[in-house]
Amino acid sequence: MISEKKLNSKQRKGEVKPLNSNEAVAEAVKDADVDVVAAYPITPQTIVVETLAELIGNGELNAEMIHVESEHSALSAVIGASAVGARVFTATASQGLALMHEVLHITSGLRLPVVMSVAMRALSAPISIFNDQSDIMNQRNTGWITIIASSAQEAYDSILQAYKIAENPKVLLPVMVSYDGYVLSHTIERVETVGKSVVEEYIPKKVTWNTLDVKDPITMGTITSPEYYYEFKYAQERALEESLSVIKSADEEFERLYGRSYGIIEGYKIEDAEVALLATSSYYTNLKVATDLARKEGLKVGTIKLRVFRPFPREELYSMIKDLQVLGVIDRAIAFGQKPSGPIANDIASALQYKKDKPIIQSIIAGIGQRRMLIEDFVKLYRMLVKNMNEKKFYEESIFYGVKGIEF
Amino acid sequence: MYPFQEELLNKDIIEVTWLGRGGQGAVTASELVAMSAIKEGKNAIAIPEFGAERRGVPVRAYTRVSKELKEIHKTPIVNPDIFVLLDPSLLSKAKNYIDLKDDGVVIANTQLSKDEAIKVMGIKVKEENFFVIDAKSIVMRILGRPIYNTVMVGAFIAIVPIVKLETVLESVRETFKGKLGDLNAQVIEEGYKHFLKK
Amino acid sequence: MSSESKQLKNIFDIPREELFVGGHSMCAGCTAPIIIRHLLKVAGKNTIIVNATGCLEVSTTSFPYTAWKVPWIHVAFENTGAVASGVESAIKAMKMKGILDPNEEINIIAVAGDGGTFDIGFQALSGMLERGHKVMYVLYDNEAYMNTGVQRSGGTPFGAWTTTTPVTKRIRGEWRNKKDIFDIVIAHGVKYAAVANPAYTVDMMNKFKKGLEQEGPSFMHVLMPCTTGWRFDPKYGITIARLATETAIWINYEYDNGKLDVTIPVKKRKPVKEYLKMQGRYAHLNDVEISYIQEQVNKKVEEVNKKVGREVIGPLEA
Amino acid sequence: MKLEKWSDFPLGGNIKDPGNSIENDMSGWRSERPIIDLEKCVRCRICWTYCPEGAILELDKEYKTSSGRVYKVTYAVDYQHCKGCGICANECPVKAIQMVPEEVSIK
């Protein structure tokens, strides 16, 4: 979402369009002049595929669309296309992302700059078509750069940034841009587009990766013995670690050109806060409203949005939270069998392991299968965390907020 | 000018809940208002409540409009400033879906009189904030089908003028191409005129 | 391959240049490299290979050594059809956008074994065929999962021993018939599909050539005797391949724009026993089982002669 | 290829030297080696066609048999890549190729 400061920027030159995040993503793919799109319909992502089919059909995007027969084939097809030097895109959600799991590892292992959008959705069984973040959390070890967008505008901008990041020769890793299913994927918002000039100005087309070229043949996707495999995996890990600085500079350059930036993590009223709630995607804007209400009650609270999930921004996060007393981490996914049960909460806890001054981390699970969370629920969480801080009472296990039969 | 308009239009964010049945276009109604507001340089969002829409199922959709380019949060709207009822058969069930704000406005599609409708609906609402319209007679005449969303959008912008009629007509023509767009534009105008007269 | 080049008449027409070289680690006597050497001799340098997981893939691209002199990619086991579709679409898009020379012909060839085609890769193959990508799909069929140590696949024929259809008290090798992949492929509306045998090299190469000249997808089903899984002395790979055709257990079909033909006619068939007895995987078969297989072959021959419209496969030798 | 440090490794396991498996020595796989009798050989090209390793070399080298017949090409075995499968000997229509045990041939 556009802050007032950003809207006043002089660099503004795009067109304003009412778009949901799915449409915004398709618009970005069009503006990025992608060559090959392969995607399979799945709720709540389907609008992306439909919109792209229309954009290609009416000639606004000059690309080949592959009507694949599964998500596994969608990602496989864009790997094939990327391997010959095309700029590629695919999109999915939930079960589709889970079906891609094998190929996710292969994409990053092959070091191909594939860009994918994910309209985050719960996983079966039982089936839920609604939002949570189980799908992307389960893919956290696949070596993809993972950006979580909070608005249709950010989804649009992040797709453009994703090509900038993925195709950087220092990176050459796939990028996943995710956003809340339904809550963002189907919500119409105000989006300022950049237009097709973005290709010349920001993401010029240049093949920076190894490709299958008949004039200079290579063998791609080889088999390795124990003598060689490890180094490739280490190189991948290093590239992912180092991509953080590329993500930052891509965002900064985007701001210089188009007046909008998002950073790695973002805080709201965090400077003097004692207690904060960290969340992702659409929850952040909700939490800002809740923060203002809680502050009216005299609670010194703030909120933090985690935008870049992989690579995990340890230092950026630490410098933002080090003066807090309590950090509540809202996860919309369950790391089954682990205590605490929030995947992001676990990431934060391990990132802080060797830090001296650090807040208490309170893991909170909420919004599973899009269980309703209203502003007053977020305010309630603030009140509870402040109370716990004052009483020095914390739960080692996660708070499963909103489960029927469990009270806090 | 309706007496509540000034205060309502001065709010940072106006919250609207639309209630209809699957296939009646509650989502499109919420989007038409948001699209139009965005066109006019305001900020707005339109959120559909149900993902897998099926014909007949009660469907809520929400619109939030900010007259400035203020950031807008994305929770469902359970206590709206304005409640628009698209389907007459949901009148008695509406209270299960919303908790109207004090000073809230209700625009209901019903053949009942205002007094009867307030009674059937059974919620706390000021009489001067309650509006009824028999949308069926309008849409059957123009569209020939009981699709109530556009007439209710017309009614809405007459009662709560956060966007201009012309902008909404432009939006509806973008949403529905060709003849369907023209017919729906006509329906919106009818709904609009219905409350402008008073 | 340029369109003006003619069909090969005999083996002296085969180009000398090797685009698939030695030093790979396929089993001694493996017949897959024979197929691939000649495939690339037909296709030439302007070729991109998409290879499914399998013997060929693991044994020819063991980092840091590759036997391939053309661009080659392996992604996974089940998605060869999809990856090849992506390669083809990308080249099409980049030609359309002027990124690649629109006049440059690039052959896209998918290569997969029976597991990667009949079984796990079936869905991706079906998608590729149905969408009409201009890809030639080459199935090298050794009738079981040889890469993982001889487990049955949908391509394993009746009676064959594998480690998952063992010869035991209750079962005596595979008890179901081989899936008819050729007819399934044709049912997708593919214009050109052929069955080939490396023992008949020139016939096989001419079919590869025709396959590459198609506007849309083409399909090659190539027999690949496996010394390890079929249990025969490595020197007999080609002998067994030839016997497969001579006994008509393997018929060299060609389906060309609606017309079915057999390119290697057999005047007098040898008894199928001659083919079976050379392979350890059939060593357990008794006379009843062998005559059952013979009956199946006889039936098939009758069917084929009817479909082709002449006696293209003759009677059994006395 | 020198791959001492992780940073020396090519991107994603790619091999940029097409056909470099030719550098490998496969001779250790062999228990028997084919020996071509160039006097008997009729230059039919069958061994060359069926070799899985491409290890039958077709050389543009003239050869004159003792009976005075002149051939423009000579067939030879590339013993670095031959795995000794014996297909060539088995398929040779004139039995011009013999499989000889390695320990005998070394003598």
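Chains as they are written, first to last, in full-length UniProt numbering: chain W, 1 to 408; chain C, 1 to 198; chain F, 1 to 318; chain G, 1 to 107.
Note that CB positions come from ideal geometry on N, CA and C, so glycine has one too.
Query - CB of V70 of chain F within 8 Å of CB of L40 of chain F, strictly - result: yes
Query raised in the report: With C-beta atoms as the reference, is A81 of chain W less than 8 Å away from S126 of chain F?
Result: no
Query raised in the report: Are M176 of chain W and A83 of chain W touching if we call contact CB-CB under 8 Å?
Result: no
Report task. Could you spell out the range, first to last residue, of the beta strand (DSSP E) harbouring M220 of chain F? Result -> 218 to 223
Query raised in the report: Going by DSSP, which residues form a beta bridge with R60 of chain C?
Result: C:L19
Report task. Using a Cβ cut-off of 8 Å (strictly closer), state whether T117 of chain F contacts chain W. Result -> no
Query raised in the report: So R45 of chain G packs on I11 of chain F, CB below 8 Å; how close in whole Å?
Result: 5 Å
Query raised in the report: What do you get for I399 of chain W, buried or exposed, if any count of 16 or more other CB atoms within 10 angstroms of its CB means buried?
Result: buried
Report task. For N168 of chain W, return the contacting residues in chain G, with the cut-off set at a CB-CB distance below 9 Å. Result -> Chain G residues near N168 of chain W: none, gap ~13 Å exceeds 9 Å.
Report task. Decide if the region 23 to 34 of chain G is in contact with the region 241 to 248 of chain W; the criterion is three or more beta carbon pairs, one per stretch, under 8 Å apart. Result -> no
Requested in this report: Quick one: list the residues of chain F neighbouring V103 of chain W, beta-carbon separation under 8 Å, in chain order.
Outcome: V75, A76, N79
Requested in this report: Taking only beta carbons into account, state which residues of the region 32 to 53 of chain W come closer than 9 Å to chain C, listed in chain order.
Outcome: T43, P44
Requested in this report: List the residues that DSSP assigns as beta-bridge partners of Y255 of chain F.
Outcome: F:A193, F:L260
Report task. Determine the chain W residues that contact I36 of chain F at a beta-carbon separation under 8 Å, and present them in chain order. Result -> Within chain W, no residue comes near I36 of chain F; the closest Cβ sits about 14 Å away, beyond 8 Å.
Report task. Identify each residue in the region 97 to 128 of chain W for which the Cβ-Cβ distance to at least one residue of chain F is less than 7 Å, and report them in chain order. Result -> E102, V103, I106
**Report entry** Top-ranked residue by Cα proximity to I348 of chain W, from W:S319, W:R372, W:I368, W:G337
**Finding:** W:S319
**Report entry** V222 of chain F and T247 of chain F closer than 8 Å at C-beta
**Finding:** no
Query raised in the report: Within the 8 Å Cβ cut-off, does T110 of chain C reach chain W?
Result: no
**Report entry** Selection from F:T117, F:M146, F:T156 that minimises the alpha carbon distance to L139 of chain F
**Finding:** F:T117
Requested in this report: Under 8 Å between beta-carbons, which chain F residues line up against E91 of chain G? List them in chain order, please.
Outcome: I238, T239
Query raised in the report: For the alpha helix (DSSP H) that T245 of chain F lies in, which residues bound it at each end?
Result: 237 to 246
Query raised in the report: Nearest-angstrom Cα distance between L32 of chain C and L91 of chain C?
Result: 23 Å
Query raised in the report: Roughly how many whole angstroms lie between the Cα atoms of M204 of chain F and A196 of chain F?
Result: 5 Å
Query - Within 8 Å, strictly: CB atoms of G86 of chain F and I42 of chain W - result: no
Query - CB contact below 8 Å: M94 of chain F versus chain G - result: no
Query raised in the report: Of the residues C:T17, C:V27, C:A34, which one's Cα is nearest the Cα of E170 of chain C?
Result: C:A34
Query raised in the report: Measuring CB to CB, does residue 407 of chain F end up less than 8 Å from T148 of chain F?
Result: It is not possible to answer for residue 407 of chain F, since the shown part of chain F is limited to 1 through 318.
Query - Beta carbon proximity, A78 of chain C to chain W, threshold 8 Å - result: What sits at residue 78 of chain C in the sequence shown is Val, not Ala. So yes, V78 of chain C belongs to the interface.
Report task. Measure from the alpha carbon of I238 of chain F to the alpha carbon of each residue in G:H81, G:W48, G:Y71, then state which is nearest. Result -> G:W48
Query - Integer Cβ distance of V83 of chain F from S70 of chain W, believed to fall under 8 Å - result: That belief does not hold up - the Cβ atoms of V83 of chain F and S70 of chain W are roughly 13 Å apart, past 8 Å.
Query - N- and C-terminal bounds of the alpha helix (DSSP H) containing V275 of chain W - result: No alpha helix (DSSP H) holds V275 of chain W; the beta strand (DSSP E) holding it covers 275 to 279.
Query raised in the report: With contact counted as at least three CB pairs below 8 Å, one residue from each stretch, are the region 273 to 283 of chain W and the region 370 to 390 of chain W in contact?
Result: yes
**Report entry** contact_flag[the region 46 to 53 of chain W, the region 122 to 140 of chain W] where n(CB pairs < 8 Å) is 3 or more
**Finding:** no
Query raised in the report: Which residues of chain F have a Cβ atom closer than 9 Å to the Cβ of N62 of chain W, listed in chain order?
Result: A93, M96, K97
Query raised in the report: Should G68 of chain G be flagged as near chain W, meaning a C-beta pair shorter than 8 Å?
Result: no
**Report entry** One or two residues paired with D180 of chain W in a DSSP bridge
**Finding:** W:M120
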